[in-house]
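Each remark here refers to the structure printed beneath this line.
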Amino acid sequence: MSLKFFHIFFIAASLILSLFFGVWSVREFQATAAVRHLYWGGASFAAFFALAGYLAWFVNKLRRKV
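Quick note on this note's numbering: the sequence shown kicks off at 9 and runs consecutively.
What follows is the structure in structure tokens.
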């Protein structure tokens, strides 16, 4: 397994984890009305979009070099 593939795999796994954690946090907020869950959900969704942008940039960078 190359380092480039591992990097893409790790970022994709982080994307999935941040999305699921964000959804779970929002659902917990709906169930308990604890504001901290809403904050964690927002932070998770922000991380999701940041990671998605980074993954797109990284893949585009790899395509330009090859």
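Glycine included, each C-beta is placed from N, C-alpha and C at the ideal position.
- Taking a cut-off of 8 Å for Cβ pairs, the region 62 to 72 and the region 38 to 49 do not touch, as fewer than three such pairs fall below it.
- In the same chain as L23, and ignoring 5 residues on each side of it, the C-beta atoms closer than 8 Å to its own belong to F56, L59, A60, L63, in chain order.
- In terms of CA proximity to A54, G30 leads the group G30, A42, V34.
- CA-CA distance, W48 to A20, rounds to 20 Å.
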